[in-house]
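Enquirer:
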Amino acid sequence: MSEQTKSKPLIRLENVSKSYDGGKTYAIQNFNLTINQGDFVALLGPSGCGKSTTLMLLCGLYRPTEGNIYFGDRLVNNVEPKNRNIGMVFQSYALYPHLSVYENIAFPIRQQKGVPKNELDRRVREVAEMVKITELLDRMPGQLSGGQQQRVAMCRALVKNPNILLLDEPMSNLDARLKLEIRDEIKKLQADLGLTSIIVTHDQDEAMAISNKIAVIDDGIVQQYADPNSLYDMPKNLFVASFIGSPPMNFLEGEVEVFGDKVKFKNDQDDISLPLAMVDVDRLTSSKVTLGARPHHFIFYDDQDVPGNTVRVHVEYVEPLGKELLLKCHSGTTPVRILSPLTDREFEGKDIRVGLQRSMINIFDSETGENITIR
Amino acid sequence: MKQPTIAEIDRKEDRKARRRSKRFPFMLMSPFFVLTGLFVIVPILIMFVMSFTDMGLTLEWNFIGFKTYARLFADPALKTIILRTFIFVILGTICSVLSSIFITVITTFYLDTIYRKENAGIIFRIIWLLPSLTPSVVYAFIWNYVFGPTDYHLMNIVRSWFGLEPITWFALYPQQILFLAVVITSASSSIILFSAAVRQIPLHIIQAARVDGASPLYICRKIVLPYLRWPITQKTLWSVLIYFCTYEIIFLLTKGGPAGKTTTFAYYVYQNAFNLKKFGMGAALAVVLVAMSALLGLLVLRVFKVNEQLQDPRMDI
Numbered sequence: 000m001s002e003q004t005k006s007k008p009l010i011r012l013e014n015v016s017k018s019y020d021g022g023k024t025y026a027i028q029n030f031n032l033t034i035n036q037g038d039f040v041a042l043l044g045p046s047g048c049g050k051s052t053t054l055m056l057l058c059g060l061y062r063p064t065e066g067n068i069y070f071g072d073r074l075v076n077n078v079e080p081k082n083r084n085i086g087m088v089f090q091s092y093a094l095y096p097h098l099s100v101y102e103n104i105a106f107p108i109r110q111q112k113g114v115p116k117n118e119l120d121r122r123v124r125e126v127a128e129m130v131k132i133t134e135l136l137d138r139m140p141g142q143l144s145g146g147q148q149q150r151v152a153m154c155r156a157l158v159k160n161p162n163i164l165l166l167d168e169p170m171s172n173l174d175a176r177l178k179l180e181i182r183d184e185i186k187k188l189q190a191d192l193g194l195t196s197i198i199v200t201h202d203q204d205e206a207m208a209i210s211n212k213i214a215v216i217d218d219g220i221v222q223q224y225a226d227p228n229s230l231y232d233m234p235k236n237l238f239v240a241s242f243i244g245s246p247p248m249n250f251l252e253g254e255v256e257v258f259g260d261k262v263k264f265k266n267d268q269d270d271i272s273l274p275l276a277m278v279d280v281d282r283l284t285s286s287k288v289t290l291g292a293r294p295h296h297f298i299f300y301d302d303q304d305v306p307g308n309t310v311r312v313h314v315e316y317v318e319p320l321g322k323e324l325l326l327k328c329h330s331g332t333t334p335v336r337i338l339s340p341l342t343d344r345e346f347e348g349k350d351i352r353v354g355l356q357r358s359m360i361n362i363f364d365s366e367t368g369e370n371i372t373i374r
Numbered sequence: 000m001k002q003p004t005i006a007e008i009d010r011k012e013d014r015k016a017r018r019r020s021k022r023f024p025f026m027l028m029s030p031f032f033v034l035t036g037l038f039v040i041v042p043i044l045i046m047f048v049m050s051f052t053d054m055g056l057t058l059e060w061n062f063i064g065f066k067t068y069a070r071l072f073a074d075p076a077l078k079t080i081i082l083r084t085f086i087f088v089i090l091g092t093i094c095s096v097l098s099s100i101f102i103t104v105i106t107t108f109y110l111d112t113i114y115r116k117e118n119a120g121i122i123f124r125i126i127w128l129l130p131s132l133t134p135s136v137v138y139a140f141i142w143n144y145v146f147g148p149t150d151y152h153l154m155n156i157v158r159s160w161f162g163l164e165p166i167t168w169f170a171l172y173p174q175q176i177l178f179l180a181v182v183i184t185s186a187s188s189s190i191i192l193f194s195a196a197v198r199q200i201p202l203h204i205i206q207a208a209r210v211d212g213a214s215p216l217y218i219c220r221k222i223v224l225p226y227l228r229w230p231i232t233q234k235t236l237w238s239v240l241i242y243f244c245t246y247e248i249i250f251l252l253t254k255g256g257p258a259g260k261t262t263t264f265a266y267y268v269y270q271n272a273f274n275l276k277k278f279g280m281g282a283a284l285a286v287v288l289v290a291m292s293a294l295l296g297l298l299v300l301r302v303f304k305v306n307e308q309l310q311d312p313r314m315d316i
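So the protein lines, in turn, are chains A and B.
Position one of the first sequence corresponds to residue 0 (numbering that gives the first Met the number 0), numbered consecutively onward.
Position one of the second sequence corresponds to residue 0 (numbering that gives the first Met the number 0), numbered consecutively onward.
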């Protein structure tokens with residue numbers, strides 16, 4: 000938190016909209032985002048949500064249709080990419096195929112007039128060393144593996160000492176193990192250099208692991224902009240709740256009634272009473288709500304000793320995940336996934352009652368999709 | 000009789016299937032083989048044999064060994080024609096390749112990729128395609144209209160605007176006009192090839208270069224031109240071979256004149272064989288033409304280091 004108070008906003012997007020067809024449809028609309036110096040921000044969303052458009056607007060390859068983009072106090076709407084001092088890593092790496100690795104990395108420096116040869120050489124080698132590709136400098140890009148190409152692309156983005164680093168799905172073409180490795184390296188590099196970075200990704204694990212702030216985007220709108228933990232614990236609406244977390248959050252539809260200092264959640268299957276202080280009843284537009292509970296927020300009881308406030312589920316089958324069990328169940332017709340600690344108990348094909356960790360669940364208004372839980 | 004075992008039957012079937020699958024591609028290609036053999040290979044062989052005769056109007060196969068070749072090289076006019084042909088081929092190839100690179104870069108790279116004016120680029124390219132799409136007779140007719148000798152031909156009309164007298168263009172500048180006509184057609188046809196190559200460049204690479212601060216000219220030099228290396232090689236080779244054989248546009252525009260000024264080797268072959276009906280001589284000249292173009296073609300392959308290009312892993316991502 001002290002970090003945030005210290006740092007000042009570096010990038011501001013104010014009501015930015017971008018349309019490719021003259022205003023008929025918008026890739027992003029009324030987009031607002033403030034990124035502080037030193038932040039590592041992930042733009043997370045399903046494909047086609049406008050996250051790549053946002054990155055293109057930031058690097059200056061696209062111009063906003065409406066709204067303003069500021070770098071510090073400078074309005075950059077119409078500033079050419081080359082004058083923005085940004086480094087960018089593309090999804091396809093976009094290495095120049097006819098230039099050697101060395102020349103690829105030297106390319107941005109060669110565009111800065113008047114850099115002497117030995118200075119250029121020193122900077123290329125320095126950054127190559129940092130990313131550990133010194134031995135590849137003489138190769139051609141076509142001779143490199145995906146991971147090596149990715150590193151070269153990183154070098155090329157970093158060599159000009161950019162103010163901002165933009166990463167467009169930089170790891171989507173790597174295999175799972177390499178992904179983890181590169182992810183750690185990028186995170187470490189970013190922290191060491193204190194470089195303000197923005198990563199576009201559709202992989203929520205990647206976003207959670209690498210960034211200190213995540214903007215969840217859907218339909219060209221920022222759904223929620225927060226640090227990974229609050230995004231996970233207090234998703235602002237149903238979209239964010241369903242998008243973040245794997246296995247995803249379970250949703251039970253029902254209605255609420257207020258009884259004194261309790262709120263009763265009710266559907267065909269179950270009755271669950273919650274403390275009134277937990278639900279912001281003033282924001283309810285109707286009595287219809289959706290109860291969201293993450294798979295590991297369920298409590299198991301012995302068959303004999305089941306208290307109230309439980310959900311009755313039918314376990315279809317059990318998937319052993321090694322360290323725990325994933326129960327695939329149904330509550331009525333709604334699919335429910337529950338994580339259980341390893342146990343000898345037979346679940347498969349049985350009806351069981353499970354409790355909820357009530358302090359961890361979220362209540363959403365079914366009409367608006369907004370989270371109306373109070374913590 | 001002993002029944003064959005299942006293993007034997009399998010082996011037999013396998014052999015049969017393999018033979019069939021080996022034959023199949025040749026069966027598919029057989030029309031090609033027959034047609035090429037009949038209309039290309041056999042005539043070439045006949046022509047080669049014919050070059051050792053002094054066949055004339057009577058079409059007699061009268062073998063005289065290398066005498067036709069001796070006579071051919073003794074002809075003092077031939078030296079001028081060969082020199083003229085080489086200048087025509089080399090200069091024509093250079094001009095047409097360079098101009099088509101230039102036009103491609105302007106229309107496909109600058110207009111389409113950098114300025115995002117796709118429609119302007121397409122319209123410009125279509126206009127540039129017209130010369131190579133026009134049948135050569137029509138094309139020659141247009142050039143005849145433009146550079147005709149009377150008051151009513153286009154260039155003379157233009158001259159009249161400046162109060163100048165009409166001139167006989169084809170008599171004064173036959174080589175220049177012919178050269179222009181040939182280069183424009185050839186440049187026009189290669190624009191398709193080059194544009195396709197430019198369009199193949201992944202957009203991300205050009206975007207990356209722009210983020211890196213490269214100017215369009217620099218991107219053009221360091222990224223676009225290397226991508227064009229292979230099509231440029233192809234086009235240069237093709238141009239060399241085509242220019243050696245150019246004769247119909249000469250026939251339609253100048254008939255090799257005036258005073259033989261526009262007679263290239265190919266047209267000389269045509270004159271000998273079909274105007275003078277010296278078929279033996281024509282065949283010998285044609286063999287020389289093939290030898291010359293093959294030589295220059297091989298030189299092109301060497302200059303462009305085609306072996307290297309073929310070995311190179313051409314990275315397309």
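No residue lacks a Cβ here, since even glycine has one placed at the ideal position from N, Cα and C.
I need the boundaries of the alpha helix (DSSP H) containing M280 of chain B, first residue and last residue.
Expert: Per DSSP, M280 of chain B belongs to the alpha helix (DSSP H) from 278–302.
Enquirer: Can you tell me whether K265 of chain A is helix, strand or coil according to DSSP?
Expert: The answer is strand: DSSP assigns K265 of chain A an E or B state.
Enquirer: Assign Q3 of chain A to one of two classes, buried (16 or more other C-beta atoms within 10 Å of its C-beta) or exposed (fewer than that).
Expert: Unreliable placement is indicated for Q3 of chain A, whose pLDDT of 45 sits below 50; the coordinate value is still reported in the next sentence. By the 10 Å Cβ count, Q3 of chain A comes out exposed.
Enquirer: Name the chain A residues whose beta carbon is nearer than 9 Å to that of I222 of chain B?
Expert: Here the neighbours are Y95, P96, H97, L98.
Enquirer: Among the candidates A:A214, A:L355, A:F89, whose CA atom is the shortest distance from the CA of N172 of chain A?
Expert: Checking every option, the nearest Cα to that of N172 of chain A belongs to A:F89.
Enquirer: Taking Cβ-Cβ distances shorter than 9 Å, what residues in chain B pair up with P80 of chain A?
Expert: By Cβ distance, chain B contributes Q206, R209, V210, D211, G212.
Enquirer: Rounding to the nearest angstrom, what Cα-Cα distance links L290 of chain A and L237 of chain A in this structure?
Expert: If you take the alpha carbons of L290 of chain A and L237 of chain A, they lie about 10 Å apart.
Enquirer: For T184 of chain B, which residues in the same chain have their Cβ closer than 6 Å to its Cβ, ignoring the five residues on either side in sequence?
Expert: Cβ neighbours of T184 of chain B beyond the five flanking positions: P130, S131.
Enquirer: Using a C-beta cutoff of 8 Å, does F264 of chain A count as contacting chain B?
Expert: Taking Cβ atoms only, chain B never reaches closer than 8 Å to F264 of chain A, which makes this a no.
Enquirer: For C58 of chain A, which residues in chain B fall below 7 Å Cβ to Cβ?
Expert: By Cβ distance, chain B contributes V210.
Enquirer: Bridge partners for Y198 of chain A per DSSP, in chain order?
Expert: Here residue 198 of chain A turns out to be Ile, not Tyr, going by the sequence shown. In DSSP, I198 of chain A forms a bridge with A:A41, A:L166.
Enquirer: Is the Cβ of F70 of chain A closer than 8 Å to any Cβ of chain B?
Expert: Not closer than 8 Å to any Cβ of chain B, the Cβ of F70 of chain A fails to qualify, so no.
Enquirer: Given a cut-off of 8 Å on the beta-carbon distance, is the pair P140 of chain A and N82 of chain A in contact?
Expert: Contact: no.
Enquirer: Taking C-beta to C-beta, are P274 of chain A and K261 of chain A nearer than 8 Å?
Expert: Yes; because the gap between Cβ atoms is below 8 Å, this pair is in contact.
Enquirer: Going straight from the alpha carbon of I204 of chain B to that of V15 of chain A, what length do you get?
Expert: Near 26 Å, if we compare the C-alpha coordinates of V15 of chain A and I204 of chain B.
Enquirer: Output yes if chain A places a C-beta closer than 8 Å to the C-beta of P215 of chain B; else output no.
Expert: Not closer than 8 Å to any Cβ of chain A, the Cβ of P215 of chain B fails to qualify, so no.
Enquirer: Taking the DSSP output, what are the residues bridged to V391 of chain A?
Expert: Since the displayed chain A opens at 0 and closes at 374, residue 391 of chain A lies outside it and no answer follows.
Enquirer: At least one CB of chain B closer than 8 Å to the CB of F346 of chain A: is that the case?
Expert: No, F346 of chain A lies away from the interface with chain B (no Cβ there is under 8 Å from its Cβ).
Enquirer: Buried or exposed for Q199 of chain B, going by 16 or more other Cβ atoms inside 10 Å?
Expert: Burial call: exposed.
Enquirer: Could you check which residue in B:Q206, B:P134, B:V157, B:T261 has the C-alpha nearest to that of G375 of chain A?
Expert: Given that chain A is displayed from residue 0 to residue 374, the structure contains no residue 375 of chain A and the question cannot be resolved.
Enquirer: Are the C-beta atoms of P169 of chain A and some chain B residue less than 8 Å apart?
Expert: So, not an interface residue.
Enquirer: Output needed for K17 of chain A: all residues of its chain with C-beta closer than 7 Å, excluding positions within five of it in sequence on either side, in chain order.
Expert: So the qualifying residues of the chain are Y25, A26, I27, T52, L56, Y61, P63, T64.
Enquirer: Please tell me whether Y101 of chain A and Q149 of chain A are closer than 8 Å, where the distance is taken between their beta carbons.
Expert: No, the pair does not count as a contact, with Cβ atoms beyond the cut-off.
Enquirer: Count the other C-beta atoms from every protein chain shown that fall within 10 angstroms of the C-beta of V126 of chain A, then say buried if there are 16 or more, exposed otherwise.
Expert: Buried, because 16 or more other Cβ atoms sit within 10 Å of the Cβ of V126 of chain A.
Enquirer: May I ask which residues mark the beginning and end of the beta strand (DSSP E) holding K212 of chain A?
Expert: Element bounds for K212 of chain A: 212–217.
Enquirer: Using the beta-carbon of each residue, which ones in chain A are nearer than 8 Å to P201 of chain B?
Expert: The contacting residues are S91, A93.
Enquirer: What residues in its chain sit with their C-beta under 8 Å from that of D204 of chain A, if we drop five residues either side in the sequence?
Expert: Contacts found: S245.
Enquirer: Can you name the start and end residues of the alpha helix (DSSP H) that P130 of chain B belongs to?
Expert: Looking at the DSSP string, the run of the alpha helix (DSSP H) that includes P130 of chain B is 117–132.
Enquirer: So, with DSSP's three-state summary, where would you put F161 of chain B?
Expert: In this structure, F161 of chain B counts as coil in the three-state DSSP scheme.
Enquirer: If you drop the 5 nearest sequence neighbours on each side, which residues of the same chain put their C-beta closer than 8 Å to that of R209 of chain B?
Expert: Excluding residues within five positions, the ones whose Cβ falls inside 8 Å are I218.
Enquirer: Using a Cβ-Cβ cutoff of less than 6 Å, which residues in the same chain neighbour N155 of chain B once the five nearest sequence positions on both sides are dropped?
Expert: P165, listed in sequence order.
Enquirer: In the DSSP assignment, find the unbroken beta strand (DSSP E) run with F299 of chain A in it and report its ends.
Expert: Where F299 of chain A is concerned, the enclosing beta strand (DSSP E) stretches over 297–299.
Enquirer: Thinking just about the alpha-carbon of each residue, which of A:K23, A:G47, A:E13 is nearest to the one in T33 of chain A?
Expert: Here the closest residue by C-alpha is A:E13.
Enquirer: Taking the beta strand (DSSP E) that S99 of chain A falls in, what are its first and last residues?
Expert: Looking at the DSSP string, S99 of chain A is not in any beta strand (DSSP E), and its letter there is neither H nor E.
Enquirer: Restricting to Cα atoms, I'd like to know which of A:T333, A:R352, A:L341, A:V288 is closest to N308 of chain A.
Expert: Ranking A:T333, A:R352, A:L341, A:V288 by Cα distance to N308 of chain A puts A:R352 first.
Enquirer: Can you list the beta strand (DSSP E) stretches of 3 or more residues lying completely in the segment 228–264 of chain A, in chain order?
Expert: Within the segment 228–264 of chain A, the complete beta strand (DSSP E) runs of at least 3 residues are 249–258.
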